[in-house]
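There are 4 protein chains.
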Amino acid sequence: MRVKDEAKQKALREATIKVVNQIGFASSSVAKIAKEAGISPATLYVYHKDKDELLCDIYTDIKIELARAMMTGFDHSQPVRDILKRMWLNGFRYLIKHRHYLSFIDQFANSPFFDVVDMSRIEPHFEPLIRVIQRGIEQKIIKDVHPELLKVFAVRPMMTLANQRQCGGFAFSEEHIEEAFRMAWDAIRL
Amino acid sequence: MRVKDEAKQKALREATIKVVNQIGFASSSVAKIAKEAGISPATLYVYHKDKDELLCDIYTDIKIELARAMMTGFDHSQPVRDILKRMWLNGFRYLIKHRHYLSFIDQFANSPFFDVVDMSRIEPHFEPLIRVIQRGIEQKIIKDVHPELLKVFAVRPMMTLANQRQCGGFAFSEEHIEEAFRMAWDAIRL
Amino acid sequence: MRVKDEAKQKALREATIKVVNQIGFASSSVAKIAKEAGISPATLYVYHKDKDELLCDIYTDIKIELARAMMTGFDHSQPVRDILKRMWLNGFRYLIKHRHYLSFIDQFANSPFFDVVDMSRIEPHFEPLIRVIQRGIEQKIIKDVHPELLKVFAVRPMMTLANQRQCGGFAFSEEHIEEAFRMAWDAIRL
Amino acid sequence: MRVKDEAKQKALREATIKVVNQIGFASSSVAKIAKEAGISPATLYVYHKDKDELLCDIYTDIKIELARAMMTGFDHSQPVRDILKRMWLNGFRYLIKHRHYLSFIDQFANSPFFDVVDMSRIEPHFEPLIRVIQRGIEQKIIKDVHPELLKVFAVRPMMTLANQRQCGGFAFSEEHIEEAFRMAWDAIRL
DNA sequence: GATGAATGAGTGTTCATTCAT
DNA sequence: CATGAATGAACACTCATTCAT
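Residue numbers (this note's numbering), protein chains in the order written: chain A, 1 to 190; chain B, 1001 to 1190; chain C, 2001 to 2190; chain D, 3001 to 3190.
Structure below.
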């Protein structure tokens, strides 16, 4: 028998993201995605149970990749702020580099599909971020507020800023990025 | 006849928001919306050129309503921070009260429809906000950074926090709201 | 607005029966039926909720028509045997005349759709038959056995004999038909 | 290897019957049948040229088995009626025991597949039945009518009565079965 | 102005079958 | 022999929109 094709798998993912990027979530049909991926619509169902699962799988993948990208280049002996800055910049650069992922991510996260994602597969990858924030709170460096608030003011802006649609006219110099992180930090620091 | 018209118009808008809320942007069809509004699909086309325009019109309406809700209860003699707080709290409360609008707004804003909205109809209503921020910058109270950055750290969080999907588990006490504004302010203030 | 077209309704029914007749239940698709009826597949859904309902509706229609055809040309003062013979011959002739209905009926009755038919719409039309049989039993003319047995030996053969597929090679003279009814009668009479 | 083959062959047959039984002829797909049989869809094509042939093969098998079941437990010196009764009861009991076969048989026999079955493989197994009937005619015990008529009134009811769908509510005591055969006999006897 | 009927084009999905392994 | 991957064609059904009334 033939063996499942890793390349096809990947092509499918990239095709999905590209199509969603170009024509939006609502208009992205299985047929268009398959065509872009260079496979038959039927083949899609060899790799994913249905359209919903395809989209959820891709979302999960990207989120995990983002987390992995964020969690590098620091060590736990560094000060909280330095670690967070490292993570923030890592994340921001990953998103800028993969801007086309963001359109997918944001459309997905605002769709009803989002409610159905198995978050337990994603959350562990963000553990280091959670821990360093907790450390910051313990050290009285970061405001002792509901974690949701910290996320909204520190992590979300990273995504919003990288978003083409919402901040498309905004070209980022190194200086801008520094400023942006400073604002995130000011928001959450004590 | 005029009265009947307006009632239908409004029913159509509320029906659209409700349907989008319940089944998402991608699954919301003209037929379902019309049914929910208690009118014929054909009638929809009396009021809006096509489906896209219906959605854009509603988005614009809500945004203007949000702006109007924000721009009340202060006068320009007050300090910048107080005015901004008033606006922020006004906006947040409006959004909490109309949470079902937010699901529509967010799905819309992340879709390609957004690119096609005539922003010049919305922007004037946010002028007071822009002006008070500029005053803050001139008075060296607010960071002199790209306006986009100020928006991302001060206004966006207001919407994100009110969003069911993204912050569903978060119940807001008055204290939380105060905290939230403080963080927004810390992010943008000098 | 346009008005629902009775002719289209009927064309749809005849087309369905014809298609099922020609290519069988399992291969009869909505597309083929619609094409045969000269309408768009989408139009089919204006007249019937879905394919299942279309088939059930047609089955019910035919059964009622058959019952109506059977219950004519006699009066209740006649002897039981004469009434039954009248009904039997009426039915048989109706079926021979509409042989193409039988293929549909038989395929339908052996499919899972059958389990879902609302029999209470059909049964009342067969009431006169039930009653005359009961009279026969009371008068000790007909065997006092389970009604199901009487049905199997008296009514079913009428349908089987008219069935193209099962008795295709059998050309019926008047004599044959008389013989057939005599056998049915012999089976059930005391 | 031979043994394994036969096991698969049999599993395939039983799976097909089961699936047809459960979801009907029209919905029974190769994939579902293969899954039920615990084999790959591709393997099915090792044993049968295509889906049609699979179904025809199974029909033929069952019909032959039914014939074999009927043609036991008597000898040709017995009276015609006794022999026929033996056959009828044998057949009826076989069908009751294998009720799940009947759903398949009946759906098949009313489908266009039926027209394509090679009857010459089945008919020889029913020869003894044909012969005893002919003897009955010669002995002036059985009506001298078209054989098709005899089949319709004597053999078909045996199948109809055993059919779940059509006589589901009818529970058979020994007495009922005796009655049923008596009716079949009354129909065909002189 | 308001409507339900009507539809071509499209939806997501499954089909029977083939093929490389 | 046996398989799971692969697919073009078909599936039932829904879409946004138009049109006669």
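Even for Gly, the Cβ is constructed at its ideal location relative to N, Cα and C.
From the beta-carbon of S2111(C), the residues of chain D found nearer than 7 angstroms are G3024, F3025, A3026, Q3107.
Taking CB atoms only, C3056(D) has no neighbour in chain C less than 8 angstroms away.
Assignment of alpha helix (DSSP H) within the region 3112–3144 of chain D, counting only whole runs of 4 or more residues, yields 3123–3138 in chain order.
Counting only residues of its own chain and dropping the five nearest sequence neighbours on each side, K1085(B) has a CB closer than 8 angstroms to the CB of F1181, W1185.
As DSSP reads the structure, R3189(D) sits in a beta bridge with I3142(D). Considering only beta carbons, the part of the region 2133–2163 of chain C lying closer than 8 angstroms to chain D consists of K2143, V2145, H2146, E2148, L2149, V2152, F2153, R2156, P2157, T2160, L2161, in chain order. Ranked by Cα distance from T2043(C), the options D2061(C), Q2009(C), T2160(C), S2173(C) are led by Q2009(C). In terms of Cβ geometry, F108(A) and Y59(A) form a close pair [threshold 8 angstroms].
In the assembly as shown, S3028(D) is a buried residue. Its beta-carbon has 16 or more other beta-carbons within 10 Å.
Inter-segment contact for the region 2074–2081 of chain C and the region 2015–2022 of chain C is absent: fewer than three beta-carbon pairs are separated by less than 8 angstroms. Identification of chain A residues near A1031(B) by a Cβ-Cβ cut-off of 8 angstroms yields none; the smallest Cβ-Cβ distance measures about 15 angstroms. Here R3081(D) is actually not in contact with H3125(D); their C-beta atoms are around 22 angstroms apart, not less than 8 angstroms. The DSSP-derived three-state label of T3016(D) is helix.
By the C-beta density criterion, V2003(C) is exposed, having fewer than 16 other C-beta atoms within 10 angstroms.
Here DSSP, grouped into helix, strand and coil, assigns K49(A) to coil.
Listed by position along chain D, the residues whose Cβ is nearer than 7 angstroms to that of D2186(C) are D3186, A3187.
DSSP places M1070(B) in the helix class (H, G or I) of the three-state scheme. Taking a contact as a CB-CB distance under 8 angstroms, the pair P3128(D) and M3071(D) counts as one, their CB atoms being some 5 angstroms apart. Residues of chain B whose Cβ lies closer than 7 angstroms to the Cβ of M87(A) do not exist, since the nearest Cβ in that chain is about 18 angstroms away. DSSP places N2163(C) outside both helix and strand once states are collapsed to three, so it counts as coil.
Taking the Cα positions, S3173(D) is about 27 angstroms away from I3064(D).
For D106(A), the enclosing alpha helix (DSSP H) begins and ends at 99–109.
Judged by DSSP in its simplified three-state form, G91(A) adopts helix.
In chain order, A69, M70, M71, T72, G73 place their CB closer than 8 angstroms to the CB of N90(A), counting only its own chain and leaving out the 5 sequence neighbours on each side. Sequence-distant Cβ neighbours of L2095(C) in its own chain, meaning closer than 6 angstroms and more than five residues away, are L2102, A2162. Between F2153(C) and A3171(D), the C-beta gap is not smaller than 8 angstroms, which leaves the two residues out of contact. Per DSSP, K2004(C) is not a residue of any alpha helix (DSSP H), being assigned neither H nor E. Per DSSP, V30(A) is one residue of the alpha helix (DSSP H) stretching across 30–37.
Under the 10 Å beta carbon count, Q1166(B) is surrounded by 16 or more other beta carbons and is classified as buried. In the structure shown, F1172(B) falls within a coil segment according to DSSP collapsed to helix, strand and coil.
Around E1179(B), the beta-carbon contacts reaching into chain A at under 7 angstroms are V145, L149. The three-state reading of DSSP puts F3025(D) in coil, since its state is none of H, G, I, E or B. By the C-beta density criterion, R2131(C) is exposed, having fewer than 16 other C-beta atoms within 10 angstroms. Put simply, the CB of H176(A) is near chain B, with a gap under 8 angstroms to one of its CB atoms.
Under the Cβ criterion of 8 angstroms, M1183(B) is counted among the residues facing chain A.
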